[in-house]
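Engineer: Take this structure, written in structure tokens, and hold onto it; I'll ask about it next.
Numbering (our numbering), first residue to last: 16 to 426.
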């Protein structure tokens with residue numbers, strides 16, 4: 016197959032969606048398919064392109080930073096239709112897969128219409144939750160209008176891939192797109208590449224020393240973009256409470272983001288107990304999972320968290336707020352806990368901090384859960400989905416058709 020991925024989240028930007036798109040491209044190419052990418056340009060990318068050979072299978076389009084659109088750490092693309100069509104024709108693209116909802120997605124739909132090929136999308140973001148943290152705290156645009164906008168953005172896709180039951184449930188609601196065909200294909204992790212980044216114990220000790228982590232400290236790890244929609248302020252509140260109750264607990268916030276500065280200021284009186292590393296290159300991320308004892312998140316805006324998958328592969332117990340996006344990754348009392356309130360999370364922090372054997376048992380179960388999210392299985396499911404779409408287009412396809420195709424892949 017010849018597939019085009021459209022996305023406004025791509026290198027050199029770092030995010031869960033970028034990881035998904037990179038892995039998506041890799042597994043399809045490993046399976047013998049031809050994949051091209053249409054994405055945004057950035058100042059950082061312009062510099063990088065001068066230092067290395069340009070990827071002929073990636074088309075960069077004009078773009079600007081997303082401050083005016085409420086997403087300051089993202090880029091918004093402004094596609095040039097003729098340029099994109101020429102690129103797609105050159106590569107004889109048979110199917111377009113959008114990993115975004117905005118202008119780049121609009122270009123995907125227009126291109127599909129002009130070329131008479133199917134255009135599908137993956138639902139990565141629950142904008143109804145996300146927008147509350149931007150655009151004047153959600154007061155600028157009412158939730159009903161957000162729903163109308165999202166519905167309009169996704170309306171003309173031929174079919175959707177939902178990354179979780181949470182995503183499917185949302186888009187099947189009567190006020191969204193109950194009649195748009197879809198199937199669930201959870202995100203996956205390139206385990207081999209991820210584990211190749213692991214480092215020796217001696218190097219782990221250097222990282223521990225760098226951040227003042229003692230041998231008997233119990234490290235609770237948050238890893239990801241430090242942004243408001245992940246409820247990092249609320250997570251810091253929890254951390255501030257639990258460190259007062261157990262002197263062995265240390266908290267690591269690993270990652271960059273617009274909320275780092277304000278959180279660091281709040282945590283300054285306990286900066287020896289609550290540590291902010293800032294940006295960490297992906298090749299070094301695994302070392303932080305290695306020194307972590309428990310993975311933590313208070314986010315309620317996830318669709319299917321990539322950092323949770325990384326924590327599973329790393330054999331960590333997990334503590335999170337209860338959310339259906341975690342329903343296939345976190346199992347109460349087996350590999351972690353999901354709390355109904357922020358205050359309930361305190362209890363689970365203290366429980367796991369006090370019980371080394373339970374942490375070890377939970378970690379082993381996490382490794383078992385991780386096996387369900389191999390990149391190979393993901394690739395086979397996506398290809399089965401694509402093939403069903405190509406076999407059916409332009410006729411109407413159904414949920415049952417897509418589910419049967421995905422379910423035909425044996426784990």
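All C-beta atoms, glycine included, are put in the ideal place defined by N, C-alpha and C.
Leaving out the 5 sequence neighbours to the left and right, which residues in its chain are closer than 7 Å to residue 260 when beta-carbon positions are compared?
Structural biologist: For residue 260, where only same-chain residues beyond five positions count, the Cβ hits under 7 Å are 365.
Engineer: When the Cβ atoms of the region 174-192 are set against those of the region 127-143, are three or more pairs found closer than 8 Å?
Structural biologist: With the cut-off at 8 Å, the region 174-192 and the region 127-143 touch.
Engineer: Got a sec? Which residues, its chain only, sit under 7 Å from residue 33 by beta carbon, not counting five neighbours each side?
Structural biologist: Here the set comprises 24, 25, 26.
Engineer: Mind checking residue 173: buried by the 16 CB within 10 Å criterion, or exposed?
Structural biologist: Burial call: buried.
Engineer: Extract the residue ranges of the beta strand (DSSP E) inside the region 285-329, only unbroken runs of 3 or more that lie entirely within it.
Structural biologist: Counting only runs of 3 or more, we get 289-293, 309-312.
Engineer: To which residues of the same chain is residue 234 closer than 7 Å at the C-beta, ignoring the five residues directly before and after it?
Structural biologist: Correct list, in chain order: 228, 265, 267, 306, 307, 308.
Engineer: According to the neighbour-count rule (16 or more other Cβ atoms, all chains shown, within 10 Å of its Cβ), is residue 122 buried or exposed?
Structural biologist: Residue 122 should be labelled buried.
Engineer: Measuring only the C-alpha atoms, how far is residue 135 from residue 20?
Structural biologist: Roughly 10 Å separates the two Cα atoms.
Engineer: Cβ of residue 420 within 8 Å of Cβ of residue 395?
Structural biologist: No; because the gap between Cβ atoms is not below 8 Å, this pair is not in contact.
Engineer: Using only the alpha-carbon positions, how far apart do residue 214 and residue 329 sit?
Structural biologist: Whole-angstrom Cα-Cα distance: 12 Å.
Engineer: Rounded to the nearest angstrom, what separates residue 51 and residue 311 at their Cα positions?
Structural biologist: Each residue's Cα considered, the two are about 36 Å apart.
Engineer: Answer with buried or exposed for residue 262, where buried requires no fewer than 16 other C-beta atoms within 10 angstroms of its C-beta.
Structural biologist: It counts as exposed.
Engineer: From the DSSP output, in three-state form, read off residue 380 for me.
Structural biologist: Residue state, collapsed to three classes: helix.
Engineer: For the candidate residues 314, 187, 44, whose alpha-carbon lies nearest to that of residue 356?
Structural biologist: Out of 314, 187, 44, 314 has the C-alpha closest to the C-alpha of residue 356.
Engineer: For residue 334 and residue 191, what's the separation of their Cα atoms in angstroms?
Structural biologist: Their Cα atoms are separated by approximately 31 Å.
Engineer: Count the other CB atoms within 10 Å of the CB of residue 273; is the residue buried (16 or more) or exposed (fewer)?
Structural biologist: By the 10 Å Cβ count, residue 273 comes out exposed.
Engineer: Decide if residue 426 is buried, meaning its Cβ has at least 16 other Cβ atoms within 10 Å, or exposed.
Structural biologist: With fewer than 16 other Cβ atoms within 10 Å, it is exposed.
Engineer: Give me the Cα-Cα distance between residue 15 and residue 102, rounded to the nearest whole angstrom.
Structural biologist: Given that the chain is displayed from residue 16 to residue 426, the structure contains no residue 15 and the question cannot be resolved.
Engineer: If we count the other Cβ atoms within 10 Å of its Cβ and call it buried at 16 or more, is residue 224 buried or exposed?
Structural biologist: Exposed, since its Cβ has fewer than 16 Cβ neighbours within 10 Å.
Engineer: Let's test the definition: count the other Cβ atoms within 10 Å of the Cβ of residue 368 and tell me whether it reaches 16, buried, or not, exposed.
Structural biologist: Residue 368 comes out buried.
Engineer: When the Cα of residue 166 is compared with those of 177, 145, 195, which residue comes out closest?
Structural biologist: Looking at the Cα atoms, 195 is the closest of the given residues.
Engineer: Since residue 304 and residue 331 are thought to touch, with beta carbons under 8 Å apart, how far apart are those beta carbons, to the nearest angstrom?
Structural biologist: Yes, residue 304 and residue 331 are in contact; Cβ-Cβ is about 6 Å, under 8 Å.
Engineer: Along the chain, where does the alpha helix (DSSP H) that runs through residue 126 open and close?
Structural biologist: Residue 126 -> alpha helix (DSSP H) spans 118-130.
Engineer: At which residue ranges does the region 193-237 contain complete alpha helix (DSSP H) runs of 4 or more residues, listed in the order of the chain?
Structural biologist: If we require 4 residues or more, the alpha helix (DSSP H) runs fully inside the region 193-237 come out as 206-211, 216-225.
Engineer: Counting C-beta neighbours from all protein chains within 10 Å, is the total for residue 251 16 or more, i.e. buried, or is it exposed?
Structural biologist: Buried: at least 16 other Cβ atoms inside 10 Å.
Engineer: Quick check on residue 414: does DSSP put it in helix, strand or coil?
Structural biologist: It is helical.
Engineer: If you draw a straight line from the alpha carbon of residue 156 to that of residue 162, how long is it in whole angstroms?
Structural biologist: The straight-line gap from Cα to Cα measures roughly 10 Å.
Engineer: Starting from residue 268, trace the alpha helix (DSSP H) both ways and give me its first and last residue.
Structural biologist: Where residue 268 is concerned, there is no enclosing alpha helix (DSSP H), although the beta strand (DSSP E) it sits in stretches over 264-269.
Engineer: Roughly how many angstroms separate the alpha carbons of residue 246 and residue 279, rounded to a whole number?
Structural biologist: Taking the straight line joining both Cα atoms gives about 15 Å.
Engineer: Note down, in chain order, each residue of its chain lying with its Cβ closer than 6 Å to the Cβ of residue 72, except the 5 sequence neighbours on either side.
Structural biologist: Only 51 meet the Cβ criterion.
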